[in-house]
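Residues in the sequence shown are numbered from 770 upward in steps of one, following our numbering.
No residue lacks a Cβ here, since even glycine has one placed at the ideal position from N, Cα and C.
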Amino acid sequence: TQAPSFELLEPKTGETISLSSYEGKPVAVAFICNHCPYVKHIAEKMAEVAARFQANGGIFIAINSNDVANYSDDSPEKMVEMVAEYGFEFPYLYDESQHVAHAYQAACTPDLYLFDSAHSLYYRGQFDASRPHNEEPVTGADLEGAMIRLMTGKSAPEQQVASLGCNIKWKEGNEPDYFG
Numbered sequence: 770t771q772a773p774s775f776e777l778l779e780p781k782t783g784e785t786i787s788l789s790s791y792e793g794k795p796v797a798v799a800f801i802c803n804h805c806p807y808v809k810h811i812a813e814k815m816a817e818v819a820a821r822f823q824a825n826g827g828i829f830i831a832i833n834s835n836d837v838a839n840y841s842d843d844s845p846e847k848m849v850e851m852v853a854e855y856g857f858e859f860p861y862l863y864d865e866s867q868h869v870a871h872a873y874q875a876a877c878t879p880d881l882y883l884f885d886s887a888h889s890l891y892y893r894g895q896f897d898a899s900r901p902h903n904e905e906p907v908t909g910a911d912l913e914g915a916m917i918r919l920m921t922g923k924s925a926p927e928q929q930v931a932s933l934g935c936n937i938k939w940k941e942g943n944e945p946d947y948f949g
């Protein structure tokens, strides 16, 4: 599967960021939002994992596709606050139309994708086994392990456990029909 292209606003800078700007580089795409307890639970460690990936030549991008009319905590203004709160050193983009979430078939926050330098899907899975109400430490082991394998030329992890989190908050009438 090829990474669907996109061109989205980065609220922090007011610039438009496109996937095509990163041709020839491995890219991680994380569908997140500001209010989800699953995202908040991993946000600090996600910033660390993203920084290590980027220090080794990868690109990390987060995308918020939630309906901000009904979930004001996910507004672009609040996205800028989240970037500052967790020290994100990667673009956090706003998918107002939700077309990018549809193109990726994103289902929840967090929903994590890792693409190789040809932007072919390498990994889609969980950050790690930690959840807001379990005793597992937040390590980022699953995603970072896949990143390390990718960057060292190894095959993709055979076991890829799906992400678990809050459903993407779709605009009324914009709900996906991925299976119909």
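In this structure, the straight-line span from the alpha carbon of Ala820 to that of Asn943 is close to 34 Å. Taking 3 residues as the shortest admissible run, the stretch 799-861 contains the following complete beta strand (DSSP E) segments, listed from N- to C-terminal end: 828-833. Between the alpha carbons of Glu779 and Pro901 lies a gap of roughly 28 Å. A distance below 6 Å between beta-carbons, with the five flanking residues on each side excluded, links Pro945 to the following residues of its chain, in chain order: His871. The beta carbons of Val808 and Gly934 sit about 7 Å from each other, so the pair counts as a contact at 8 Å. Between the alpha carbons of Gln823 and Met916 lies a gap of roughly 10 Å.
For Val869, the secondary structure class from DSSP, reduced to helix, strand or coil, is helix.
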